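Q: The following block contains the structure, expressed as structure tokens.
In our numbering, the protein residues as written are 12 to 258.
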């Protein structure tokens, strides 16, 4: 997970004027319009609801204070129900899961139950698009509100706040493509205190009629970044349900 810097608006001349006009443009749409447009750009609600499972396999590069660390990763999702992620390298193995009731993680620190923002982050990843829970309590209980837009890497973005399980997620949608670019949330990290986690999404590919990101860049300030690239995406494959259960 890795930081994409927010570009500062120029303070002078025509550059300032041009950039200044971009953010209001990204803020012009209503919440309902942003949600509908983003879902449609990603394939549409009906296409998402036709997906029974997603499996993605690839590799990651973790940047730590001791240098880079490469490894393999696998993610399995039963949409709106279950989530599983596995990371393996020469130095460590870590697995995380949500079985619909309990969030857990096993790794260098042993087997632990996850609560609060860490558990909510796993639950949120069961949704193939964060807006699928909009006005759909059967999919996920969440509150939505429009937020200020932002300029990310020189591109205007819509901002939406999604609150679920008492955790507030900041969602940023590219105003041009209407695809998800970034999710941020605050959590308590050991030895770091309260930190803001940033996850950036890019390199979208179409699978099963929907667009899914094949790259995720995670940034935990003061600790690590993890750049994950999926090379294989499988839709509606049979899944061993035991992987979601706490070991």
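Note that beta-carbon positions come from the ideal geometry of N, C-alpha and C, so glycine has one too. Predicted model only: the values in this text are computed from it and were never measured.
#1: Name the residue from 165, 123, 84 and 132 whose alpha carbon lies nearest to the alpha carbon of residue 93.
#2: Using C-beta distances below 8 angstroms, list every residue in its chain close to residue 257, excluding the 5 sequence neighbours before and after it, in chain order.
#3: Where do the N-terminal and C-terminal ends of the beta strand (DSSP E) with residue 202 fall, by residue?
#4: Is the beta carbon of residue 198 sitting closer than 8 angstroms to the one on residue 69?
#5: Hey, residue 174 and residue 193 are a contact pair by Cβ (cut 8 angstroms); roughly how many whole angstroms apart?
#6: On the criterion of 16 or more Cβ atoms from any shown chain inside 10 Å, does residue 56 qualify as buried, or is it exposed?
#7: Can you grab the Cα-Cα spacing for the pair residue 54 / residue 238, in whole Å?
#8: In chain order, what residues of the same chain lie with their CB nearer than 7 angstroms to the CB of residue 63, ignoring the 5 residues before and after it?
#9: By Cβ distance, which residues of its chain are closer than 6 angstroms to residue 100, with the 5 residues on each side in sequence left out?
#10: Buried or exposed: which applies to residue 102, given that a residue is buried once 16 or more other Cβ atoms fall within 10 Å of its Cβ?
#11: Buried or exposed, going by whether 16 or more other CB atoms sit within 10 Å of the CB of residue 201?
#12: If the criterion is Cβ atoms closer than 8 angstroms, does the pair residue 135 and residue 180 meet it?
#13: Rounded to the nearest angstrom, how far is the Cβ of residue 150 from that of residue 143, given a contact under 8 angstroms?
#14: Could you compute how far the alpha carbon of residue 49 sits from the alpha carbon of residue 104?
#15: Which residue comes first and which comes last in the alpha helix (DSSP H) that contains residue 129?
#16: Would you kindly report the start and end of the unbroken alpha helix (DSSP H) that includes residue 46?
#17: Could you give the distance in angstroms between the alpha-carbon of residue 97 and the alpha-carbon of residue 106?
#18: Taking the continuous beta strand (DSSP E) assigned at residue 94, which residues delimit it?
A: Reading from the atomic positions:
#1: By 1-based counting over the chain shown, the position of residue 93 is 82. For the options 165, 123, 84 and 132, the alpha carbon positioned closest to that of residue 93 is the one of 132.
#2: In the chain shown, counting from the first residue as 1, residue 257 sits at position 246. Excluding residues within five positions, the ones whose Cβ falls inside 8 angstroms are 108, 110, 113, 115, 122 and 124.
#3: By 1-based counting over the chain shown, the position of residue 202 is 191. Careful: residue 202 lies outside any beta strand (DSSP E) and carries neither H nor E.
#4: Numbered from 1 along the chain shown, position 187 holds the residue referred to as residue 198. Numbered from 1 along the chain shown, position 58 holds the residue referred to as residue 69. Using a Cβ distance threshold of 8 angstroms, residue 198 and residue 69 do not count as a contacting pair.
#5: Locating residue 174 in the chain shown gives position 163, where the first residue counts as 1. Locating residue 193 in the chain shown gives position 182, where the first residue counts as 1. Not confirmed; about 17 angstroms, so no contact.
#6: Within the chain shown, residue 56 is the residue found at index 45, counting from 1. Looking at its Cβ environment, which holds 16 or more other Cβ atoms inside 10 Å, residue 56 is buried.
#7: The residue labelled residue 54 in the question sits at position 43 within the chain shown. The residue labelled residue 238 in the question sits at position 227 within the chain shown. Taking the straight line from one Cα to the other gives about 25 angstroms.
#8: Here the question's residue 63 lines up with position 52 in the chain shown. Contacts found: 247.
#9: Here residue 100 refers to the residue found at position 89 when the chain shown is read from its first residue. Here the set comprises 80 and 82.
#10: The residue you call residue 102 lines up with position 91 of the chain shown. Residue 102 should be labelled exposed.
#11: Here residue 201 is taken as the residue at index 190 of the chain shown, counted from 1. Exposed: under 16 other Cβ atoms inside 10 Å.
#12: For this step, residue 135 is matched to residue 124 along the chain shown. For this step, residue 180 is matched to residue 169 along the chain shown. Yes, these two residues count as a Cβ contact at 8 angstroms.
#13: Residue mapping note: residue 150 aligns to position 139 of the chain shown, counting from 1. Residue mapping note: residue 143 aligns to position 132 of the chain shown, counting from 1. Taking a contact as a CB-CB distance under 8 angstroms, the pair residue 150 and residue 143 counts as one, their CB atoms being some 5 angstroms apart.
#14: By one-based count along the chain shown, residue 49 stands at place 38. By one-based count along the chain shown, residue 104 stands at place 93. Distance between the alpha carbons of residue 49 and residue 104 is about 35 angstroms.
#15: On the chain shown, position 118 is the one that residue 129 refers to. Per DSSP, residue 129 is one residue of the alpha helix (DSSP H) stretching across 127-135.
#16: As a position in the chain shown, residue 46 is number 35, starting the count at 1. Run containing residue 46: 42-52, per the alpha helix (DSSP H) assignment.
#17: Start at 1 with the first residue of the chain shown, and residue 97 comes out as number 86. Start at 1 with the first residue of the chain shown, and residue 106 comes out as number 95. Near 4 angstroms, if we compare the C-alpha coordinates of residue 106 and residue 97.
#18: Within the chain shown, residue 94 is the residue found at index 83, counting from 1. It spans 93-100 - the beta strand (DSSP E) in which residue 94 sits, taken as one unbroken run.
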